[in-house]
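A short write-up of the structure that comes next.
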Amino acid sequence: MSKLFQNGNVYIKGKFQEKDFMIDDEGCIVIADKIDVDEVEEVIDCAGLHVFPGFIDPHVHLREPGYSYKETMKSGTKAAAHGGYTTVFAMPNVNPVPDSAQHIEQLGKLIDQDACIHVLPIASITQGQKGVGKLVDFDELLPHTYLFSDDGKGVQEASMMKKAMESCQRNNAIIIAHCEDEALLKEHGCIHDGKKAKEFNLVGISSESEYAQVKRDLDLVRETNCQYHICHISTKESVAYLRQAKKEGYPVSGEVTPHHLFLCEDDIVENHGRFKMNPPLRTKEDQEALLQGLLDGTIDCISTDQAPHSDEEKNCTMDKASMGIVGNEIAFPLVYTKLVKEKKCSLEDVMEWMSGHAADIFGVDGGEIVSFEKANITIFNLNDRQQVRSREFESKGKSTPFEGQWLQSKCYMTIKDGDIVYRKGI
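Letter by letter, the sequence shown follows residues 1219 to 1644 in our numbering.
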């Protein structure tokens, strides 16, 4: 059914313009200054609303197959749609791991059956996603995906990572790296190895466990010229290493999460699982370096690392809780409230961090609103406010360190390929 959207502030060619647009019966968008209402079946007034390209999240955990008690393909993609996302990349820590053609085909069927937005499956780098042992058969997997990660694990041997990079470089595939050197970890680490670890008498996770592997991998990129993306950067050293590799012209990129941008160890007010994630919340100095890296272009994307768990796995102390929190339903409101409203960046910057740059880096559709292409958009009211109430999330995961905070802006609609997949408010 064709729909007419009137008077919206639409993000077109890098700036916001007041436009009408129509979504036709084929799901394509047509933009004009004014469109005749007689040509459509539904008219939606977008006066005072902003129309964005659908957000792209290169880092989510959808938990299916294998862990449907944490999240399902349906609930996970509904949560993403609620946050304004029309495309997400699904990390491979599911069961079975997508480490073979058979397993990734199984995942693909589940996506086709249950996902309400675009989902790109990521294959593992190592068999069983163990970070050690044997590499996957890249030639077998490449017809199904060009994205490879062992997220949740770092690839522990430099020689293995080099071989993986060489395979990806030959085939225009991309390594999406969780950087964590297990030789630098202490058993039962659950919090940054800093003052809060001492306060709560918990085992710490060192910053070096991340940045040492970032340095190793970037040196391997210098040898292989593989396209390489760093997951959830959390340390100032990682930012510095990435900045230098970019200056040298290598095909590298990186992401940061809202929780690492807007929180540090000082914000951990209690020993509770809602503050436990990997990598952990670091120092104030690290937090400031992450923001500077985002603002100066060292860090390209804001991802969420959406990692849902059951209540039982999170409503406990940090030493017992599972790693990970949820956040894609409040990601844009967090960024808008804490950066745009505070005049630290422009709304146009956020469009690139949450959509445009990911589209460019990973070669996926989206990142801009263009006439006669499929409509993948989201509509927000920037003047509406909401209080973070995790019990109202679409996700089965309810654990967030932002519980109770008041945020500016609210998603009113998300459209995937012309179909409304989330609507509330208009």
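Even for Gly, the Cβ is constructed at its ideal location relative to N, Cα and C. Given the structure is predicted, the values throughout are model-derived calculations rather than measurements.
Here Asn-1227 really is in contact with Phe-1234; their C-beta atoms are around 5 Å apart, less than 8 Å.
Under the rule that a run must span 3 or more residues, the beta strand (DSSP E) segments found entirely inside the region 1224 to 1289 read 1233 to 1241, 1247 to 1250, 1260 to 1263, 1268 to 1271, 1273 to 1278. Distance from the CA of Arg-1500 to the CA of Ile-1409, rounded to the nearest whole angstrom, comes to 8 Å.
For Ala-1308, the enclosing beta strand (DSSP E) stretches over residues 1303 to 1308. Distances from the CA of Gly-1472 to each of His-1490, Lys-1642, Thr-1453 were compared; the closest alpha carbon is that of Thr-1453. Within a 10 Å sphere around the beta-carbon of Phe-1590 sit fewer than 16 other beta-carbons, which makes this residue exposed.
Met-1536 sits away from Met-1495, with the two beta carbons spaced by 8 Å or more. For the 8 Å CB-CB criterion, Tyr-1429 and Ala-1395 do not form a contact. Within 10 angstroms of the beta-carbon of Ala-1341 lie 16 or more other beta-carbons, which makes it buried. Excluding sequence positions up to five before and after Val-1350, its CB lies within less than 6 Å of the CB of Gln-1374, all in the same chain and listed in chain order. Nearest to Ala-1299 by alpha-carbon distance, out of Ala-1333, Ala-1458, Asp-1242, is Ala-1333. By the 16-neighbour rule on beta-carbons within 10 angstroms, His-1406 is exposed. By the criterion of a C-beta distance shorter than 8 Å, Phe-1366 is surrounded in its chain by Ile-1340, Ala-1341, Ser-1342, Ile-1343, Val-1354, Phe-1356, Leu-1359, Ala-1382, Cys-1386, Ala-1391, Ile-1392, Ile-1393, Ile-1394, once the five residues flanking it on both sides are discounted. Inside the region 1312 to 1364, DSSP marks whole beta strand (DSSP E) runs of 3 or more residues at positions 1336 to 1339, from first to last along the chain. DSSP, reduced to helix, strand and coil, places Cys-1519 within a strand of the structure shown.
Contact check for Tyr-1303 against Phe-1273 passes: the beta carbons are separated by less than 8 Å. Ranked by how close their Cα comes to the Cα of Glu-1236, the residues Arg-1388, Met-1309, Gly-1266 have Gly-1266 in first place. Comparing alpha-carbon positions, the option among Phe-1620, Glu-1612, Asp-1578 lying closest to Leu-1479 turns out to be Phe-1620.
The DSSP assignment places complete beta strand (DSSP E) segments of no fewer than 3 residues inside the region 1436 to 1500 at 1445 to 1448, 1470 to 1474, in order along the chain. In this structure, the CA atom of Asp-1514 is about 10 Å from the CA atom of Leu-1508.
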